[in-house]
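K.L.:
Residue numbers (the working numbering): 817 to 1024. Glycine included, C-beta positions come from ideal geometry on N, C-alpha and C. Note that the structure is a prediction, hence the values are computed from the model and not measured.
#1: Drop a sphere of 10 angstroms on the beta-carbon of residue 921, count the other beta-carbons inside from all chains shown, and report buried for 16 or more, exposed for fewer.
#2: May I have the straight-line CA-CA distance separating residue 1023 from residue 923, to the nearest angstrom?
#3: Assuming residue 939 and residue 910 make a contact with CB atoms under 8 Å, what is their CB distance in whole Å?
#4: Can you find the residues in the same chain that come closer than 7 Å, C-beta to C-beta, to residue 995, ignoring five residues on each side of it along the sequence?
#5: Tell me whether residue 1004 sits in a helix, a strand or coil according to DSSP, three-state version.
#6: Could you compute how far the alpha carbon of residue 887 sits from the alpha carbon of residue 934?
#7: With H, G and I counted as helix, E and B as strand and the rest as coil, what does DSSP make of residue 1019?
#8: Out of curiosity, what's the CA-to-CA distance linking residue 918 and residue 932?
#9: Check this for me: beta carbons of residue 873 and residue 968, under 7 Å apart or not?
#10: Looking at residue 907 and residue 941, is the spacing between their C-beta atoms short of 7 Å?
#11: Taking residue 903 as the reference, give the member of 952, 963, 1000, 965 with the closest Cα.
#12: For residue 842 and residue 878, which I take to be in contact (beta-carbon distance under 8 Å), what is that distance rounded to the nearest angstrom?
#13: Please state the DSSP three-state secondary structure of residue 873.
#14: Could you check where the alpha helix (DSSP H) with residue 913 kicks off and where it finishes?
#15: If you follow the alpha helix (DSSP H) that residue 949 is in, where does it begin and where does it stop?
#16: Of the choices 891, 966, 845, 889, whose alpha-carbon is the least far from that of residue 956?
#17: Looking at C-alpha atoms only, which residue of 871, 896, 853, 925 is the closest neighbour of residue 997?
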């Protein structure tokens, strides 16, 4: 073939390629929007990172589910991953919201607060996750007209929810404690006057 010949996509393939090229920007924009909203809600720039950390386990679960069922990563499955950003973070929100309230209103330590949050929020976390999984099962395994379009969306959601449910119950408390240590460490070096006596002792013990 002559060196002057060039190949390129056209028609539907070109539209598909252009659509995929903008997906990373959409995902980053969605994560940034979630970070801003959570930062305003919790008046913190550290704890929203704990909530966003749950998205990675959901994305890994979605990719593993697609590989298990031999489904390509297409636009529909990417939409499912974007939906997971809004669905899976509720596990961490339920725990962190309770833990912050226990710290601020009851004076509990960070470890005691997140431990109590895990015990008391386990049931609602399981209930909401099972509700979402049961709602997505008809999309994943349904038949009939248009099922080939809905199947990647359902499998992505179910796979992401299952793996994130198994992992976030263990990883979220760990990330929460690490992020709190990071917060105290930053306050110790940049805003030492904002620390009280107990926080100064915790900051002195905080190691990265």
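P.N.:
Walking through what the data contain:
#1: As a first step, residue 921 must be located in the chain shown, where it is residue number 105. Looking at its Cβ environment, which holds fewer than 16 other Cβ atoms inside 10 Å, residue 921 is exposed.
#2: In the chain shown, residue 1023 corresponds to position 207, counting from 1. In the chain shown, residue 923 corresponds to position 107, counting from 1. Reliability of the predicted coordinates at residue 1023 is poor, the pLDDT of 45 falling under 50, and the value obtained from them is presented with this limitation in mind. Taking the Cα positions, residue 1023 is about 22 Å away from residue 923.
#3: The count along the chain shown starts at 1 and reaches residue 939 at position 123. The count along the chain shown starts at 1 and reaches residue 910 at position 94. Their Cβ separation, rounded to whole angstroms, is 10 Å, which puts residue 939 and residue 910 out of contact at 8 Å.
#4: Taking the first residue of the chain shown as 1, we reach residue 995 at position 179. Contacts found: 862, 863, 865, 866.
#5: Numbered from 1 along the chain shown, position 188 holds the residue referred to as residue 1004. DSSP places residue 1004 in helix when its eight states are reduced to three.
#6: The residue you call residue 887 lines up with position 71 of the chain shown. The residue you call residue 934 lines up with position 118 of the chain shown. Taking the straight line joining both Cα atoms gives about 35 Å.
#7: Here residue 1019 refers to the residue found at position 203 when the chain shown is read from its first residue. Residue placement at residue 1019 cannot be trusted, given a pLDDT of 46 that sits under 50; the coordinates are not used to answer.
#8: As a working note, residue 918 is residue 102 in the chain shown. As a working note, residue 932 is residue 116 in the chain shown. Whole-angstrom Cα-Cα distance: 9 Å.
#9: Position 57 of the chain shown, counted from the start, is the residue given in the question as residue 873. Position 152 of the chain shown, counted from the start, is the residue given in the question as residue 968. No.
#10: Numbered from its first residue, the chain shown carries residue 941 at position 125. Numbered from its first residue, the chain shown carries residue 907 at position 91. Inclusion of residue 941 and residue 907 in the CB contact set at 7 Å is warranted, their separation being smaller than that value.
#11: For the purposes of this step, residue 903 is taken as residue 87 along the chain shown, with counting starting at 1. Checking every option, the nearest Cα to that of residue 903 belongs to 952.
#12: By 1-based counting over the chain shown, the position of residue 842 is 26. By 1-based counting over the chain shown, the position of residue 878 is 62. With a Cβ gap of about 15 Å, residue 842 and residue 878 do not count as contacting.
#13: Indexing the chain shown from 1 puts residue 873 at position 57. When DSSP states are grouped into helix, strand and coil, residue 873 belongs to the helix group.
#14: Within the chain shown, residue 913 is the residue found at index 97, counting from 1. That run of the alpha helix (DSSP H) goes 891 to 922.
#15: Mapped onto the chain shown, residue 949 falls at position 133. Residues 926 to 957.
#16: The residue labelled residue 956 in the question sits at position 140 within the chain shown. Just measuring C-alpha positions, the residue of 891, 966, 845, 889 sitting nearest residue 956 is 966.
#17: As a position in the chain shown, residue 997 is number 181, starting the count at 1. Ranking 871, 896, 853, 925 by CA distance to the CA of residue 997 puts 925 first.
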